Amino acid sequence: MDSTEIPTPVSLGDVSFEALVEKLLRVLNITQRPQGSTTNQAKQELLRAVEDFRDSLRQAKKVATELPGGELLVEEQDEIIVLLERIRNQKRQQLEVFSQRVATPTSRFLAMDVDSTASTPS
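Counting from 1, position 100 in the sequence shown corresponds to residue 99 in numbering that gives the first Met the number 0; the numbering is continuous, with no gaps.
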């Protein structure tokens, strides 16, 4: 990836922490009912809720592994951030030096002689 390329966003679909918690709570609520999961209908409902939670969890894991930079450890990411900050600071210093040179006219441009005869009409 070159420096101008913007990484494509990872599609999260319906995967979010809140959605996972809601699905887990649904499973827990079904298992904690007073009648339990003794009926076939309750067992089917529990099975669907567990499968829905498991599928969402599988999708969340897939999304997490496909995130850019996900192959790096936190320590490696921190090292890269420090390196990039150092490069940024060096660029800022270079820009400051350059802007001071450009803003300060040199003496050879200030000491220009004007030839009065060249501008006088004949």
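Ideal Cβ positions, reconstructed from N, Cα and C, are used throughout, including at glycine.
Here the structure is a predicted model, which means the values were calculated and not measured.
Backbone secondary structure at residue i - three-state DSSP
i, result
"Thr30", "helix"
"Ser98", "helix"
"Val62", "helix"
"Glu70", "coil"
"Val14", "coil"
Which listed residue (the options) has its alpha carbon closest to that of residue i
i, options, result
"Ala48", "Ala59, Ala63, Arg25 and Gln40", "Arg25"
"Asn28", "Thr38, Leu45 and Gln40", "Leu45"
"Leu23", "Lys61, Val62 and Glu50", "Glu50"
Buried or exposed by the 16-neighbour rule on C-beta atoms within 10 Å, applied to residue i
i, result
"Val14", "buried"
Neighbour flag for residue i against chain C, beta carbons, 7 Å
i, result
"Glu70", "As a matter of chain content, chain C is missing from the structure shown, which is built from one protein chain."
With a threshold of 8 Å, are at least 3 pairs of Cβ atoms found where one atom belongs to the stretch 46-65 and the other to the stretch 17-24? Contact between the stretch 46-65 and the stretch 17-24 is present: 3 or more CB-CB pairs across the two stretches fall below 8 Å.
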